[in-house]
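In what follows, a single structure is set out as structure tokens and then discussed.
In this note's numbering, the protein residues as written are 24 to 1155.
Have a look at this one:
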């Protein structure tokens, strides 16, 4: 990577390339960076390369492209594009309504959306400017020059001081410490809050001043930018943009990647767009209403020409055609008439619904953030909403996929016990002379050899990545100082503290040497030669150290499945027995091994590691091969057991989710015994649950794994199909009446199932496995890789019926399943914030999932489902009288309502009440919803937006529209409604219908409201008062910009008639009577059912009465909502 040539006298340095491996002579995709933008030699021609600047751009728009780009994006939405076409038709074709009637609502929707998106983009611009305008110091001509961050160029030498973030990706040249180390936190990148150690390039460690660093002449050859945070050139030398310098006064680094080519910028990507079930229902309903619109327009067009077949109707004496009209082709005229009817009836498509839904989702998401029950005092944070588009999806979840460590458990590790050569050590001891006993065949108390005990404890003190912090000291710890350990994993801190409990204390790393204090208070030093970092594939980590005597040792720790195959077979049975026993107790286990490396072998290993680390291509594959070769033929020393406590209320939360009809699956990378114990502790598995295992242990009983797997799948399917025969009743009810089953599967078996050969015996593995999973109440997947977690979620998503999935986790290994599921929940845990950053919602604890789903999710779904149905309902009520009116005006396309009413209906008269309802309604108190999980099943399966409820709302709107029109029509059969014998005209007729319409749809919403606040009262009665005021105002003035004053004094004249008053009140009552009657009948039925339940509970089953919380003053029944499901949950 580096090409170096160091001349100490002239202070000229040239970084040279390490010998290239075979096949790397011609490197593709590399860049050469000149340190300080100086050529490495005066004799060489220097041609400055062009790289991007250091500006970060996360904004979507600029001042110049905002209008066209935003309009283009908005008109990609079908409803907006449809209304644009209608508006253009009104402008170009002689239509019965003014272009204002469709143009103004469209303009309102487009404007509100543009303002919202513009404001959000302005916030992004402001955040970008905060980063780009931040001041940094560049070394130029041996001086510190202050510049804005966006002016940094590739090759510039940057000075960064303590607690500052790195402005770009830097190669560490030197630091204020003598050994060239610095400490960095990467919480903003991967969420890990631990301090990581980075090392300066060895040849530049001494260049610690601006003067000396400016004399550097060097060239760096590195790979082109790539997004992977962990695959980088010399990761121990690379400081990433966004990371923060800690516990180090200052460092010097050279910029290698800037601006949008930094790893942070390359990792910034918008989440894939997730669509909720409600959005899909809206699109289906829109298609239905569009079909109704086309049908209405076609029927009116046909009937118009049937009507005009009579010459008198076609051309009456008072409305003669012009010659141009007579010469127009009939087909063309029919087409223009069809378009005119489309324009006349276009308000059946509720364009304003989209902006109302967006406002409801955006404003409604604040209720989650404001919920005090989600606040966690430990981290001083509450819930966070990253995606408000999925609020209602929280009320439709069918499957919950959860991680174990850090999600169900605290991820707060405590060292419990250890095993050395099969001997157990537990509790605080004096020089390990405490309790000691053996697992396996030995039954007497004993302890391991003293040298083996010390070797084991040294391994715990040496094999880790723990850093030490001592009162802001960075040059290493002192023996008398108060030690504070920081690490990326709580496991490692627990192990180091466990070693300290037995007399071996880790004192820190200084100048590449690890210092530990043994039981005799003697300081031991080991030179750290190499660290073989942990990864999820190897499931182990190692260190190579050198003793003062020159001996080279390798210490390795990892999962038992990763260690046992790599150690000598003798004397592992007792340790294996200990690991299995502690796993059954729910502890996390690690095995520890070591080996001595001869000097000749180490020279080869060292050379291979250096070459692999410096490789520009296939670096990870080469390192993996070398690690695999090094970590063999080791000697097993012992094992550790660490306890991860269960999170508060984790068991109660899972019980509530089960009672709500949700299936909970645990997906973890932990070993089966530990995970199974945790599942019992959190009540995922009950004591009566029969467990079906598909693990490596059960499959390896046969020589051919695939044959044995197939046998087990068939056997389990037969058992479950016999237990749960096909029937129409709810499977959820069957769970409580039949034997409960749980499934346990590990990662290797899952790979066999998902990647099975496509022959006759194995091509149906996946389908059988899915059938088994569907019949089990709970599933545990252990030893899972992150990719396998996503595969499981994807498999369930693609099941018949497309169930809604939710994934919850706290670590970076959970991100794949969080992004894959319909709803992703991140826990703000101790494994970092990467899961939280990639999630749709973020909560501090697993227990908060209960209220998030059963409370907020339930309410959000009911609110938005009612909003959608109500919008279609009120628009059909609005436009049906207009359609019926055509039968009485010769299909002349005469509008029934005034243009002002057409424009204001959805914008002003009926918009605010439904918005307030959709934000504030609580048909059931949120505490009741949380305490009685059965209520969640009432809305499952998108119950309120199925075709049944949709048809009910549609027929209700049709009934009321017919009442509006024909009730007013029969009223107008009396030719004179005023005392002075004046006759009402068509605009009065339309105004009466419109008045009844506005009052009816608003009062319908008032009838549906269960939770009244002052806001509901204000918007409902205020909207009606505003309509009356507007009508008086609109008709009380002669407007100079109107050609026709057709509404002048119409409203005031209309209300002067007592008959009109009585007709309006009567027709409103008739329209709402079926709804009122249905509510009364439902309440009577519900009251009688409740009394029967109370009597049976008190007389027969008092214990159930207590458990359900039923008493005479409390009603757990849902109020009448016509679109709720009536199901027998089986949990009563």
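Heads up, the beta-carbon is just placed ideally off N, CA and C, and yes, glycines get one too.
- When beta bridges are read from the DSSP output, residue 197 appears opposite 275.
- C-alpha of residue 704 to C-alpha of residue 648: approximately 40 Å in a straight line.
- In the DSSP annotation of this structure, residue 929 is not part of any alpha helix (DSSP H), being labelled neither H nor E.
- Spatial neighbours of residue 923 in its own chain (CB-CB distance under 6 Å, excluding positions within 5 residues in sequence) are listed in chain order as 1057.
- Nearest in C-alpha terms to residue 763, of all of 360, 802, 787, 712, is 712.
- Going by DSSP, residue 777 is part of the alpha helix (DSSP H) stretching over 770 to 777.
- Residue 239 carries a coil assignment under DSSP once its states are collapsed to helix, strand and coil.
- Excluding its 5 nearest sequence neighbours in each direction, residue 965 has C-beta neighbours in its own chain below 7 Å: 300, 304, 419, listed in chain order.
- Here the region 885 to 902 does not lie against the region 79 to 95, with fewer than 3 beta-carbon pairs under 8 Å apart.
- Contact check for residue 657 against residue 617 passes: the beta carbons are separated by less than 8 Å.
- In this structure residue 551 does not touch residue 540 by the C-beta definition: roughly 17 Å separates them, more than the 8 Å allowed.
- Approximately 37 Å separates the beta-carbon atoms of residue 683 and residue 602; this is outside 8 Å, ruling out the contact.
- By the CB criterion at 8 Å, residue 194 and residue 260 fall inside the cutoff.
- Inter-residue distance for residue 906 and residue 368 is about 7 Å (C-alpha atoms, whole angstroms).
- Of the candidates 219, 323, 275, the residue whose Cα lies closest to the Cα of residue 488 is 219.
- C-alpha of residue 1013 to C-alpha of residue 918: approximately 9 Å in a straight line.
- Close CB contacts of residue 816 within its chain, under the 7 Å cut and outside five residues either way in sequence, are with 424, 828, 830, 840, 843, 844 (chain order).
- Between the region 396 to 404 and the region 152 to 160 there are fewer than three inter-stretch CB-CB distances shorter than 8 Å, so the stretches are not counted as touching.
- Apart from sequence neighbours up to five positions away, the residues of its chain that approach residue 908 with a beta-carbon distance below 6 Å are 919, ordered along the chain.
- Taking C-beta separations shorter than 7 Å and ignoring five residues to either side along the sequence, the partners of residue 182 in its chain run 160, 162, 167, 273, 275, following chain order.
- In this structure, the beta-carbon distance from residue 936 to residue 1016 does not fall below 8 Å.
- Per DSSP, reduced to three states, the secondary structure at residue 533 is strand.
- Residue 658 is bridged by DSSP to 617.
- The continuous stretches of beta strand (DSSP E) do not include residue 589, and DSSP gives it neither H nor E.
- Beta-bridge pairing by DSSP links residue 184 to 273.
- In this structure, residue 432 sits away from residue 863, with a CB-CB distance that is not shorter than 8 Å.
- Between residue 792 and residue 904, the gap from beta carbon to beta carbon reaches 8 Å or more.
- Residue 428 sits in coil when the DSSP states are folded into three classes, being neither helix nor strand.
- The beta-carbon separation of residue 191 and residue 280, rounded to 6 Å, stays under the 8 Å limit for a contact.
- The three-state secondary structure of residue 686, taken from DSSP, is strand.
- In terms of Cα proximity to residue 950, the closest of 1059, 1046, 877 is 877.
- Close CB contacts of residue 886 within its chain, under the 6 Å cut and outside five residues either way in sequence, are with 941, 944 (chain order).
- Here residue 142 is exposed: its Cβ has fewer than 16 other Cβ atoms, across all protein chains shown, within 10 Å.
- A distance of 8 Å or more separates the beta carbons of residue 521 and residue 577.
- DSSP places residue 449 in the uninterrupted beta strand (DSSP E) bounded by 446 to 449.
- Out of 652, 563, 556, 532, the CA that lies nearest to the CA of residue 549 is found in 532.
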